[in-house]
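Asks: One structure, pasted below without further comment.
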Amino acid sequence: MLDQATLNHAAQILAAVSTNERADTALRFYFESHRYLQPPAKRAISHTVFVYFRWFSWLDPKASPQKRLEHAVALHERFTADPKSIKAETLAARAVPAWLWDELDVPGDATAAATAKAGYLRQLQRDPALWLRARPGTAAALAKSLVACEPTALAPDALRFTGVQDLFKTEQFKTGEFEIQDLASQLVGVAAAPQPGANWWDACAGEGGKTLHLADLMRNKGVVWATDRNARRIDTLKRRAARARLFNYRTDFWDGGSKLPTKQKFDGILLDAPCSGVGTWQRNPHARWTTTPADVRELAATQLALLHNVSGALKPGGRLIYSVCTLTRSETIAVVAAFAAAHPELEPLPLPALGSQPFRPAQGPEPVEGPSTVFLWPHELDANGMFIAAWRRKSG
Ligand SMILES: C[S@@+](CC[C@H](N)C(=O)[O-])C[C@H]1O[C@@H](n2cnc3c(N)ncnc32)[C@H](O)[C@@H]1O
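Quick note: the sequence shown uses my numbering, first residue 1079, plus one each step.
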C-alpha cells in the first residue's frame, strides 16, 4: 500500500519531470534538496515514480497526480500478483511506444517470437534486478560477507543483490570489493576478454563502468586508455578507479572525431557507444515516452561514425567490440552491416560462450555473421537489454 507521504513526494517529483528533465535526474535533485529522507523512504519514492512511468499510458491524464499515482501502483500490484492478468497484446499496445515495433526484431518463428515478445514485455513491467560485479574470482566470498546475493551461471563475477541495505554504505563497497554494474554491462567485459598486459582503448568510457571491468580483468597489468568527451564523467571514473585500487588505466579527452587522442595502435578497442537506451526501459521507464525514432536515426549515424573513427587504431589482429544498451534494428544490425561493408580489413570475430548459456546469434533481416553479434534480451538475463558485435583486424 502507498502511504500518503510517499505519494506527496512522488507527486512533487512528477511536477519536475518533463521531456528535458529525466525522471532519474529529477529524483536525484529532489533527494539532494530533501536530505532528511532516509534510504527506505527514498527507495519507496523512487519506486513509485518509476512505477508511474511503467504504467503511464493506462493513466487518465485528466486525473490529479495523486489519483494517477494510486492507479499506477494498483496496476503494478495487480501485475506483480499475477503477471498474466494483463494480456501481452495490451502490454504491446500500451507499455511501449508504437514506433518500437518497427525497430524490434524478436527472434524465432511465429510461436517462439510471440512467447519472446510476451516475456520481454512482462519483464519491462517488473521491478528491475540489482546486479553487483565482484572483483575477479571473489564472488563467492563477497556473497558470503554481504549476504542476500545470488550467483549466475552467465558471468563468473556477477551477483544479484536481493537485500535492502544501502550498498554504498557497506565496508565492502568503500574498500572497492565490488561495483554496482548491470549483468548485461558485465557481459560486454566478458565478451571483450582483455588479456593481462594488453593495451585497450575504451573509447566512450563515460564514468568508467566498463573501463574498471577491463582493467580488473587485466589484473592491473597493461593499460586501458579511457576517453570521453565529458570531463565530468572522466572525473567520476578516476574516483571509482581509486576506490578499486586500479592503476592500469589512463584518461584522455576524445570528442568522437577523426582526430584520435593518440597515435598508438591497440590490441583491443571497446566502443560502448551513445545510444537510445531502449535496453534500459525497465530500469528507466520514463525514457519510453521521451525517446523518438528521430533520436534512434541520429544515434545510429553517430555510432557508425564513431566505429569508423576508432577502427584505424587497431593493431593487425586487434579486436573491436561494439556495444549498445539498445535493441533497435537501426542501432544494431543495420550499423553492423553498414560498418562491415565499408571495412573489408576487419573480419567478424566469434564471441565467447558465457557460462552455461552461450551467446546466441542475432536474428534480423540483414544477413550478418551469427556468432559475432548478439542481442542480450532483458527477459533472458533479468537485466538490461544489450547488443554486442565483434571484429578482428586481419593480419598483414
Ligand atoms: C553508453 S555511455 C558510456 C558508458 C560507459 N562505457 C560505462 O560503461 O559506464 C556513452 C558515452 O559516450 C559519450 N559520447 C556521447 N556522444 C559522443 C560522441 N559523439 N563522441 C564521443 N563520445 C560520445 C558520452 O559522454 C557517454 O559517456
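Backbone N, C-alpha and C fix where the C-beta goes; we use that ideal spot for every residue, glycine too.
Would the beta-carbon of A1269 fall within 8 angstroms of that of I1466?
Replies: yes
Asks: Which partner residues of L1401 appear in the DSSP bridge assignment?
Replies: Residue 1401 is actually Ser in this sequence, not Leu. Beta-bridge pairing links S1401 to D1350 and I1466.
Asks: List in chain order: all unbroken alpha helix (DSSP H) runs of 4+ residues lying wholly within the segment 1373-1420.
Replies: 1411-1420
Asks: Could you tell me if V1446 is buried or exposed, where buried requires 16 or more neighbouring beta carbons within 10 angstroms of its beta carbon?
Replies: Residue confidence for V1446 is low, a pLDDT of 41 falling below 50, so the modelled location carries little weight and cannot support an answer.
Asks: Specify the secondary structure class of T1329 as computed by DSSP and reduced to three states.
Replies: Correct three-state label for T1329: strand.
Asks: Can you name, in chain order, every residue of its own chain whose Cβ lies under 7 angstroms from the Cβ of A1089, other than the five neighbours on each side?
Replies: P1143, Q1144 and L1147
Asks: Need the endpoints of the alpha helix (DSSP H) that V1268 sits in, please.
Replies: L1261 to A1270
Asks: Residues in its own chain within less than 8 angstroms of S1450 by CB, not counting five upstream and five downstream?
Replies: Correct list, in chain order: P1426, L1427, P1428, L1429, A1467, A1468 and W1469.
Asks: Taking only the alpha-carbon atoms, compute the straight-line gap between L1338 and G1346 and give it to the nearest angstrom.
Replies: Here the C-alpha atom of L1338 lies approximately 15 angstroms from the C-alpha atom of G1346.
Asks: Would you say A1269 touches ligand 1, meaning its beta carbon is less than 7 angstroms from a heavy atom?
Replies: A1269 has its Cβ no nearer than 7 angstroms to any heavy atom of ligand 1.
Asks: Would you mind listing the beta strand (DSSP E) stretches within the segment 1197-1231 that are 3+ residues and don't spill past its ends, in chain order?
Replies: Within the segment 1197-1231, the complete beta strand (DSSP E) runs of at least 3 residues fall at 1208-1212 and 1227-1229.
Asks: Work out the CA separation of H1112 and S1434 for me, nearest whole Å.
Replies: Reliability fails at S1434, whose pLDDT of 42 lies under 50, so the model's placement of it is uncertain and no value is given.
Asks: What span of residues does the beta strand (DSSP E) with T1305 cover, start to end?
Replies: Segment V1301 to D1306, the beta strand (DSSP E) holding T1305.
Asks: Based on Cα-Cα distance, which residue from L1385, G1197 and A1461 lies nearest to I1258?
Replies: Among L1385, G1197 and A1461, the Cα nearest to that of I1258 belongs to A1461.
Asks: Which residues in the same chain have their Cβ closer than 8 angstroms to the Cβ of G1390, if we skip the five residues on either side of it in sequence?
Replies: L1338
Asks: Just confirm the distance between the C-beta atoms of G1284 and D1306, as a whole number of angstroms; I'd bet it's less than 8 angstroms.
Replies: 6 angstroms
Asks: Could you check which residue in V1413, Q1360, H1457 and Q1082 has the C-alpha nearest to that of R1132?
Replies: Q1360
Asks: What does D1280 pair with, by DSSP beta-bridge criteria?
Replies: A1304 and L1348
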